[in-house]
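In the working numbering, the protein residues as written are 424 to 824.
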Ligand code: UD1
Ligand code: CA
């Protein structure tokens with residue numbers, strides 16, 4: 424479900440396109456579905472549908488986009504898929520596009536419990552210290568689920584319940600479709616609630632299981648910018664955790680930001696205040712920072728050293744490149760063991776277009792050099808401190824040897 428207008432986010436961008444560590448929220452939900460082997464993915468889109476589709480154009484081969492012209496609630500969103508689902512006799516997983524912290528492992532547990540328990544519907548729940556805003560799981564004295572009550576419809580006693588609905592559901596598809604027909608918008612918001620479909624399923628005597636399988640930090644649904652920042656922080660922790668498991672040293676995790684798409688090799692050390700944004704690849708044994716900014720499209724091979732206030736954008740740095748202080752290398756290919764002196768930069772933008780700089784292996788670039796692109800420096804060239812180098816100068820360099 425990804426059709427909702429997000430009034431609480433106060434945004435013109437569809438909510439599911441807001442980014443968490445560099446990727447739109449919806450991308451994480453799709454990943455989770457794919458990794459548990461979901462065979463067909465329907466994404467319900469409404470507000471900003473075109474934008475959502477465009478953003479996912481390159482990775483949408485297995486997606487069927489389903490329009491929900493008016494956002495009448497989560498049950499209505501699922502109902503919009505009716506024509507696609509009605510002939511299907513299997514299980515249907517229903518998830519929210521604004522829950523980026525979902526883990527494939529949790530979905531796997533959900534599927535296992537559902538199959539083992541032969542239930543008509545299974546949902547995974549979480550217990551939160553502060554359940555405000557979430558649907559509450561109401562159980563009877565035996566622990567059986569009786570239904571879900573939305574925050575805005577709770578009695579004071581129900582509001583005190585800490586077990587919540589993170590919106591991870593697995594349904595017997597036919598049971599789901601029949602229940603959806605009976606959902607009425609009898610609530611404070613006058614919406615068709617998917618949570619009410621569960622009450623219908625329970626009331627008609629079907630088996631419904633609620634398993635407390637979602638860790639609190641995984642349950643965060645993003646309805647506001649504040650929650651977006653909470654989700655980003657949690658995701659950042661996960662990204663760094665995985666990198667550390669893969670042999671990367673992160674000296675000060677709280678003061679480091681690494682995009683979820685970044686790849687970093689073994690024994691590379693990330694010093695404090697490093698910001699890695701976009702698809703960045705860093706090899707083994709590199710030392711990055713403190714205070715380095717690596718942007719989209721940067722590829723660092725092995726043993727590269729980047730120091731303070733070094734910015735790299737869309738550039739390839741071969742093995743052993745050193746740029747220790749105050750440099751900008753944008754749209755460049757820097758050869759092996761090149762030394763970039765303090766304050767040296769590529770002047771990659773001529774006011775109209777972006778041009779590329781190529782620096783051959785073993786070049787020595789002194790401090791404060793300006794390399795005016797397009798430029799190609801032959802291997803072994805030495806550029807003195809404070810030099811402004813254009814291609815014609817570089818050609819003369821060749822003549823002098
Ligand atoms: C929903 C659940 C709530 C749960 C919470 C978990 C319902 C009624 N409530 O509440 O129990 O605790 O998620 O995060 O389901 N959407 C559509 N079409 C619509 C309405 C919503 O596609 O007509 C999409 C939204 O874009 C969003 C998702 O469904 O991705 C959930 O909708 P939202 O309005 O965020 O529901 P919550 O109030 O968070
Ligand atoms: Ca939500």
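Glycine included, C-beta positions come from ideal geometry on N, C-alpha and C.
These figures come from a predicted structure and were not determined experimentally.
Minimum C-alpha distance to residue i - residue among the options
| i | options | result |
| --- | --- | --- |
| residue 541 | 602, 466, 585, 629 | 629 |
| residue 565 | 633, 552, 431 | 633 |
| residue 734 | 742, 720, 725 | 720 |
| residue 668 | 725, 689, 674 | 689 |
| residue 700 | 443, 436, 454, 424 | 443 |
| residue 547 | 553, 561, 532, 792 | 532 |
| residue 602 | 616, 584, 624 | 624 |
| residue 650 | 768, 510, 515, 524 | 524 |
| residue 755 | 761, 766, 781 | 781 |
| residue 694 | 706, 709, 674 | 674 |
| residue 503 | 469, 709, 707 | 469 |
| residue 458 | 679, 605, 528 | 528 |
| residue 536 | 496, 657, 594, 577 | 594 |
| residue 621 | 545, 554, 641 | 545 |
| residue 627 | 569, 614, 473, 645 | 569 |
| residue 482 | 642, 462, 767, 453 | 453 |
| residue 435 | 648, 484, 709, 806 | 648 |
| residue 764 | 789, 501, 753, 562 | 789 |
| residue 428 | 746, 496, 666, 678 | 496 |
| residue 575 | 563, 604, 609 | 609 |
Whether residue i touches residue j by CB criterion (8 Å)
| i | j | result |
| --- | --- | --- |
| residue 704 | residue 722 | yes |
| residue 711 | residue 691 | yes |
| residue 744 | residue 715 | no |
| residue 588 | residue 512 | no |
| residue 494 | residue 426 | yes |
| residue 591 | residue 637 | yes |
| residue 571 | residue 556 | no |
| residue 795 | residue 808 | no |
| residue 718 | residue 741 | no |
| residue 825 | residue 681 | With the chain represented from 424 up to 824, any question about residue 825 goes unanswered, as that position is not in the structure. |
| residue 804 | residue 791 | no |
| residue 446 | residue 684 | yes |
| residue 725 | residue 761 | no |
| residue 517 | residue 600 | no |
| residue 521 | residue 448 | yes |
| residue 757 | residue 793 | no |
Where residue i falls, given that 16 or more other Cβ within 10 Å makes a residue buried
| i | result |
| --- | --- |
| residue 438 | buried |
| residue 772 | exposed |
| residue 749 | buried |
| residue 498 | buried |
| residue 811 | exposed |
| residue 455 | buried |
| residue 824 | Legend: pLDDT at residue 824 = 43, less than 50; position of this residue unreliable, no value from coordinates given. |
| residue 777 | exposed |
| residue 441 | buried |
| residue 774 | exposed |
| residue 487 | exposed |
| residue 507 | exposed |
| residue 802 | exposed |
| residue 492 | exposed |
| residue 659 | buried |
| residue 611 | exposed |
| residue 510 | exposed |
| residue 543 | buried |
| residue 490 | exposed |
| residue 817 | buried |
| residue 583 | exposed |
| residue 430 | exposed |
| residue 433 | exposed |
For residue i, the residue or residues it bridges with in DSSP
| i | result |
| --- | --- |
| residue 734 | 716, 751 |
| residue 480 | Paired residue(s): none; residue 480 is not in a bridge. |
| residue 490 | 468 |
| residue 562 | 568 |
| residue 781 | 756, 799 |
| residue 518 | 591 |
| residue 772 | 777 |
| residue 686 | 704 |
| residue 442 | 447 |
| residue 805 | 787 |
| residue 762 | 745, 787 |
| residue 699 | 681, 717 |
| residue 729 | 711, 746 |
| residue 723 | 705, 740 |
| residue 547 | 591, 634 |
| residue 673 | 693 |
| residue 794 | 769, 812 |
| residue 425 | 468 |
Below-8 Å beta-carbon distance, residue i vs any chain C residue
| i | result |
| --- | --- |
| residue 482 | The structure shown contains no chain C; it is built from a single protein chain. |
Margin query: Give the residues whose C-beta lies closer than 6 Å to at least one heavy atom of ligand 2, in chain order.
Written below: 519, 521, 644, 646
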